[in-house]
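Shown next, in structure tokens, is the structure this report addresses.
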Amino acid sequence: MKMDRRLAGLAGLALLAAAQTAPAQAETVLRYSNWLPAGHSVLEGAIKPFIAEVAEKTEGRVTIETLPKVVGTVPGQYDVAVDGLADITFLVLGYTPGRFPLTEVAELPFSNFDPSALSIALWRLFEAEIEPRDEFKGVKVLTLAVTTPSQIATRTQPIESLDQLQGLKMRNPVASFTAASEALGTVPINKPVSEMYELASSGVVDGTFTPLDTMKSFRLMEVMPYMTKVEGGLFQPALGLVMNRDAWGSLSPEDQAVVMAAAGEKMAGIIGAGYAANDVAAEAEMNALETGGVIEASPEMMAALRERLAFVEKAWIEKAEGLGVANAAELPGRLRDETAALSK
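Counting with mature numbering (1 follows the signal peptide of the UniProt record, and there is no 0), you get residues -26 to -1, 1 to 318 for the letters of the sequence shown.
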């Protein structure tokens, strides 16, 4: 009996020792480089819920840590992800000129689409036509989306005709609109939105092409209180959440599926809807300013804008065909049709 107890005790000690020395279940901590301000609709409504969902659905196997400050520069977030300086980054695609020429199909003028529907349609087009061509080298694209349409914001007076734009130094947020900005007679200043408040307050720029949402999220109406709304918008900046490809490859297929279920089309729609809601609030705030406010472009101004910018879509088609996309001419219409169907 004593021997049995002794053996049982030794067996118990062996099991305890084995449990203490056995490796714990592997956990992956991914680092997210954030530059969005607190309260921004993308951060609060899309990225934070995405982080929470990944942790919950993987049962803690994958967690995402928001770093205390942005890694590198805001325009450099794509390279930050490619180089693995952070595992996940949020991009304004137009901050890296020439890198994503096919995805620029989402930024063509006068779309005037609900951004949630356009974001979902863009994601579907990306999966079918762009992802197989590996336009985003070095990263796994987790989602793509667009903002609301960009309008004309200025410091000193509302813009009521193209004549008033001539020679103005206008911040241009996306590379795909540079030629259009020049065609409108402005001097394009390519700077990220994070620098816009200082540039406007110091008079370095006369205005910016930007969505209403940005006027609110980055407090720009304080320094540029005038906005002219263009029917259909001048363009809708494309956005992306991307992950370093090696970090992506380190996840199990099961956990990769969880990440994409939380991102992808679902996240695209959420991002677009957040911009739409914020646009409404931003317009109300601008119209309540003592000096400034929002006006609509006149029919005469719209006719002039459409004439000046007619070349933009043709130029995109030629560029895409030059990159070997045989069906490039059909893609803008396909994107519009998909968006219209989703908007019903």
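The beta-carbon is built from N, C-alpha and C at its ideal position, and this holds for glycine as well.
Just so it is clear, the structure is predicted and the values come from calculations on it, not from any experiment.
task = Could you say which of 269, 296, 245, 277 lies nearest to residue 18 if we only look at CA atoms?
result = Nearest to residue 18 by alpha-carbon distance, out of 269, 296, 245, 277, is 245.
message = From the DSSP secondary-structure annotation, give me the bridge partner or partners of residue 161.
response = Its beta-bridge partners are 143.
Spatial distance of residue 153 from residue 247 (CA atoms) = 29 Å
message = Just to confirm my understanding: we take residue -25, look at its own chain, exclude 5 residues before and 5 after, and list those with CB closer than 6 Å. What are they?
response = With a pLDDT of 44 at residue -25, under the threshold of 50, the predicted position of this residue should be treated as unreliable, though the coordinate-derived value follows. Contacts found: none.
inquiry  = Taking its Cβ as the centre, do 16 or more other Cβ atoms sit within 10 Å of residue 299, making it buried, or is it exposed?
reply    = Residue environment: residue 299 is assigned as buried (16 or more neighbouring CB atoms within 10 Å of its CB, all protein chains considered).
query = Who are the near neighbours of residue 49 in its chain, counting only those whose CB is closer than 6 Å to its CB and skipping five residues on each side?
reply = 69, 166
query = How many Å lie between residue 158 and residue 274 at the Cα?
reply = In this structure, the CA atom of residue 158 is about 15 Å from the CA atom of residue 274.
key: For residue 178, three-class secondary structure by DSSP   = Coil, per DSSP.
inquiry  = Is it buried or exposed, residue 42, if we count other Cβ atoms within 10 angstroms and call 16 or more buried?
reply    = exposed
query = Ends of the alpha helix (DSSP H) at residue 219?
reply = 219 to 223 is the span of the alpha helix (DSSP H), which, as asked, contains residue 219.
inquiry  = Just to confirm, is the Cβ distance from residue 173 to residue 65 under 8 Å?
reply    = no
key: Three-way DSSP call (helix, strand, coil) for residue 138 in this model   = Three-state DSSP puts residue 138 in a helix.
task = Could you check the C-alpha separation between residue -5 and residue 106 for me, to the nearest Å?
result = Here the model assigns residue -5 a pLDDT of 36, short of 50, so the residue's position is not dependable and the matter cannot be decided.
key: Contact under 8 Å by Cβ, residue 197 with residue 282   = no
query = Hey, would you say residue 268 sits closer than 8 Å to residue 203, going by beta carbons?
reply = yes
request  = Mind checking which residues open and close the beta strand (DSSP E) that includes residue 201?
outcome  = 200 to 203
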